[in-house]
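Okay, structure first, notes after.
Number of protein chains: 2
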Amino acid sequence: MTGWQDIEAEALRRIHARAWPPGSTIPHEADLAKEFGVARATVNRALQALADAGWLDRRRKAGTRVALHPVRKATFSIPILRAEIEGADSVYGYRLLGRTLEEAPAPIAARLGVAGALLHVTALHLADGRPYAHEDRWVNVAAVPGIMAVDLAVASANEWLVTHAPFVRGDYAIGAAAADDAMAGVMGAAIGAALVTVERTTWDDTAGITAVRITFREGHWVRTVI
Amino acid sequence: MTGWQDIEAEALRRIHARAWPPGSTIPHEADLAKEFGVARATVNRALQALADAGWLDRRRKAGTRVALHPVRKATFSIPILRAEIEGADSVYGYRLLGRTLEEAPAPIAARLGVAGALLHVTALHLADGRPYAHEDRWVNVAAVPGIMAVDLAVASANEWLVTHAPFVRGDYAIGAAAADDAMAGVMGAAIGAALVTVERTTWDDTAGITAVRITFREGHWVRTVI
DNA sequence: CGCGATATTATGTCTGTACATATTAACAGA
DNA sequence: TCTGTTAATATGTACAGACATAATATCGCG
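Respectively, the protein sequence lines represent chains A and B. Numbered according to our numbering, the first sequence spans residues 1359 to 1584. Numbered according to our numbering, the second sequence spans residues 1359 to 1584.
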């Protein structure tokens, strides 16, 4: 019982065992430092980690309280589709379906905060030669002009953007959409099948970068651990 | 430029500005400490936060490298449905549809690691009197026997479990399901509508606690910021 | 008893030093 | 030139002490 990670684990055990019940104030850092025979800074480090994870609420002077309802979080990594497909031991494939410079629908233009023509890219991502995800993307070429020189028949817009267009904020949503004729056709799904759909928009310091809608194959689930 | 948060912000600015490009090693902590006129521990604290957020990879001796592809994470809070509905300024309502003690389907029994009868609860969560989410839940009564005494006609199983059954791990998945006759009827959705479906299973130290499937109303999206 | 001012105090942060650990660099020998 | 051993070193951690900040406790007065 010497390191901050040991102390973190013991504190978490006491929370789970209800020795420190939800809503209650736990012993002070100085007291816990005495109990464990370590420096106060070491206790502080351990409790900081638990607070970051949502188990504790901490305020100067007010003390440290076990969160009443620990806000449980589910964290999904936003993978590059290639990594996701290859990570499942499948062979990744990519097919560009369309690439135009055109005005985006009003909601997307509003979201990206741009007027004028955007690069519109549609593509298919394959796993073992079969459709895995359909991508429908709008890119603000004023923000990332370099993409105009990229051969999107061989490399997906996302893979290029990940390395050339760092974003400072984004939004992300998961929904469900019924496959219409076109989507059912391109994805090899039943007409009307419920497909997981992800929408993501990213911004850099000054402008919207890209808005994308990804529609996954029938039966796809987005999974994580809590 | 004195506190660890200032240093964190400046480091992040350099990452975004590509002064420290992806894959490259950044200056050593000791050097940055000299540059900023602070203690090395202060630089360490700032870089730790950036590493926790995924911007940096750090190894003893090897130094600190800007993540090649920062793994972006989307973090969703797993709210109590009442809080979610009330948080959207709607009136929360709850209706118990069914409560039985019976054997669970094999996959669920396997997942919870239990044999024998489980408490099976179905319920409807309402927003402004209209269906918001349908809940289909299995509870391992051997793990949480107290639930047998709970009047689930007035309080949802989840609200009781949150305060009485802390879990130490869980899994979480978001998918899409087409509304069949029964679901369309109870949710007031079109038959065949694509509905966002969440499945969650939680375990305590020794056993599975509960497995739940929540089907949201038509048009529901799970949203967060990156 | 209630309110405002002051004192106290628990967490947040910073510093400097020391030691631990994992990784890279350097060196010697085959 | 390659391999194994040793040395050097950058981050990880711990300690002790100090100061800052925000919140609670205490005290005095009307």
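Built from N, CA and C at the ideal position, the CB exists for glycine as well.
1. Using the three-state DSSP reduction, which class does B:H1374 fall into: helix, strand or coil?
2. Alpha carbons only, please: which of A:A1542, A:D1539, A:R1581, A:A1569 is nearest the one belonging to B:E1557?
3. Quick one: complete alpha helix (DSSP H) runs, 4+ long, within the region 1417-1447 of chain A?
4. Please tell me whether B:I1584 and A:D1529 are closer than 8 Å, where the distance is taken between their beta carbons.
5. With a CB to CB cut of under 6 Å and the five nearest residues on each side skipped, what residues in its chain are close to A:S1448?
6. For a quick check, are the C-beta atoms of A:H1522 and A:V1554 less than 8 Å apart?
7. List in chain order: all unbroken beta strand (DSSP E) runs of 3+ residues lying wholly within the region 1478-1502 of chain A.
8. Name the chain A residues whose beta carbon is nearer than 9 Å to that of B:P1463?
9. What are the partner residues of A:V1583, as DSSP defines its beta bridges?
10. Between A:R1533 and chain B, is any beta-carbon pair separated by less than 8 Å?
11. Got a sec: which bits of the region 1424-1446 of chain B sit with their beta carbon under 9 Å from any beta carbon on chain A, in order along the chain?
12. Pick helix, strand or coil for B:E1460, following the three-state DSSP scheme.
13. Taking B:R1371 as the reference, give the member of A:D1562, A:A1397, A:F1394 with the closest Cα.
14. Should A:A1536 and B:A1399 be called a contact, given that it needs their Cβ atoms to be closer than 8 Å?
15. The region 1543-1562 of chain A: which residues have C-beta closer than 7 Å to a C-beta of chain B, in chain order?
16. Put B:D1415 into one of helix, strand or coil per three-state DSSP.
17. In this structure, does DSSP put A:E1576 in helix, strand or coil?
18. Tell me A:L1454's beta-bridge partners as DSSP assigns them.
19. Counting only beta-carbon atoms, is B:P1489 nearer than 8 Å to chain A?
20. Any Cβ of chain A within less than 8 Å of the Cβ of B:T1564?
21. What separation, rounded to the nearest whole angstrom, lies between the Cα atoms of B:M1491 and B:M1545?
22. Out of A:M1541, A:R1423, A:F1574, state which residue places its alpha-carbon closest to the alpha-carbon of A:A1377.
23. At what residues does the alpha helix (DSSP H) containing A:A1540 begin and finish?
According to the structure shown:
1. helix
2. A:R1581
3. The qualifying runs are 1439-1445.
4. A contact, by the Cβ cut-off of 8 Å.
5. A1485, D1486
6. no
7. 1488-1497
8. Within 9 Å Cβ-Cβ: nothing; B:P1463 doesn't reach chain A, min ~18 Å.
9. Paired residues: B:D1529.
10. It should be pointed out that residue 1533 of chain A corresponds to Gly in this sequence rather than to Arg. It does: the Cβ of A:G1533 has a partner Cβ on chain B nearer than 8 Å.
11. L1426, H1427, P1428, V1429, R1430, K1431, A1432, T1433, F1434, S1435, I1436, P1437, I1438, A1441
12. strand
13. A:D1562
14. The answer is no: Cβ separation not under 8 Å.
15. G1550, A1551, A1552, L1553, V1554
16. strand
17. It is coil, neither helix nor strand.
18. A:A1481
19. no
20. By this cut-off, B:T1564 is not an interface position.
21. Looking at the sequence shown, residue 1491 of chain B is not Met but Ala. If I take the Cα positions, the gap works out to 7 Å.
22. A:R1423
23. Here the alpha helix (DSSP H) through A:A1540 covers 1539-1545.
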